[in-house]
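Here the structure comes first, spelled out in structure tokens, and everything after it is commentary.
There are 2 protein chains.
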Amino acid sequence: MKTDVCIDTSNENMRALRDALELLSGKWKFCILLSLYMHGTQRFKDLLANSVGGITPKVLSKELQDLEDNLLVTRTVNNTKPVTVSYTLTEHAIETQPVINALIAFGVKHRTKIKSK
Amino acid sequence: MKTDVCIDTSNENMRALRDALELLSGKWKFCILLSLYMHGTQRFKDLLANSVGGITPKVLSKELQDLEDNLLVTRTVNNTKPVTVSYTLTEHAIETQPVINALIAFGVKHRTKIKSK
DNA sequence: CAGTATCCAAAGGGATACTG
DNA sequence: CAGTATCCCTTTGGATACTG
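For the protein sequence lines, the chains are A and B, in the order given.
For this note's numbering, add 2 to where a residue sits in the first sequence, where the first one is 1.
For this note's numbering, add 2 to where a residue sits in the second sequence, where the first one is 1.
This is the structure in structure tokens:
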């Protein structure tokens, strides 16, 4: 007798994948990270109006908090008048770079693939 | 005078990233793909009960249709009694492998990072 | 400027039962 | 076995206005 398919809940890869998705899945997190990669440190206003097109302040605020809680971005209040706030990637955020690069590569290839359908 | 920050809507990377996310974001798509990578061709029942823990038939059905529409999986009806259906990754699905690997790697590292908080 | 508050619509997803 | 159908709840996200 043979147990043919193992249950993936007990699988480490599946577990790690689900962890990653729980944090990063959704419409905005990767876009924010990419924007910070490309432009470096940015202010709330810049993320809102320029680099992450279409996001609203409420959503951006919430996404940035999630990223901060998970040690992927740092929030810095600047001594300016009026006060400005800067967001920067942490060292740990480097770990997301391969994911983003792979997603972009897939997006590019997928576009041409679907076009030729 | 200097235009300091470009609008990312016109950026190819951001565009590709958003395309990829539109298709692959969510709780299940990557899990289904990973499961097919690990176990090879599988039947609906196996994906449902064994390899993708927790998904319901309605959702699995819908996710598989999405993946099929986007040329990532192939659906095959087998000549058995009762009828069975097999799902296999397409050649094009190889393009998602780097994303999944990167997500898993991130998930592993992120777990240890957050634990030590 | 950097958010929050409020309100609301749509999508995602789960439980359960049912069908060919 | 491989799905669909129905119902319903939660989450996500958008519009808009407001505050320190």
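Glycine included, every Cβ here is placed at the ideal spot set by N, Cα and C.
- Could you pull out every residue in the same chain whose Cβ sits closer than 8 Å to the Cβ of Q99 of chain B, ignoring the five residues on either side in sequence? Y39
- Report all residues from its chain with a CB closer than 6 Å to the CB of T5 of chain B; omit the five preceding and five following residues, and keep chain order. Residue confidence for T5 of chain B is low, a pLDDT of 38 falling below 50, so the modelled location carries little weight; the figure read from the coordinates is stated next. Here the set comprises nothing.
- Message: Pairs of beta-carbons, one from the stretch 70-81 of chain B and one from the stretch 77-90 of chain A, closer than 8 Å: are there three or more?
- Response: no
- Message: For Q44 of chain A, list the residues DSSP reports as bridge partners.
- Response: A:Y89
- Query: By Cβ distance, which residues of its chain are closer than 7 Å to H94 of chain B, with the 5 residues on each side in sequence left out?
  - Reply: L73, L74
- Message: Which of the three DSSP states is assigned to V54 of chain B in this structure?
- Response: coil
- Any chain B beta carbon closer than 8 Å to D21 of chain A: yes
- Task: Can you tell me the Cβ-Cβ gap for L49 of chain B and S37 of chain B, rounded? I've got them flagged as a contact below 8 Å.
- Result: 6 Å
- Item | Any C-beta of chain B under 8 Å from that of R113 of chain A | yes
- Since T98 of chain B meets chain A, which of its residues come closer than 8 Å, beta carbon to beta carbon? F108
- Task: State yes or no: is the C-beta of K119 of chain A within less than 8 Å of the C-beta of E97 of chain B?
- Result: no
- Express the C-alpha separation of G42 of chain B and T92 of chain B in angstroms, rounding to a whole number. 11 Å
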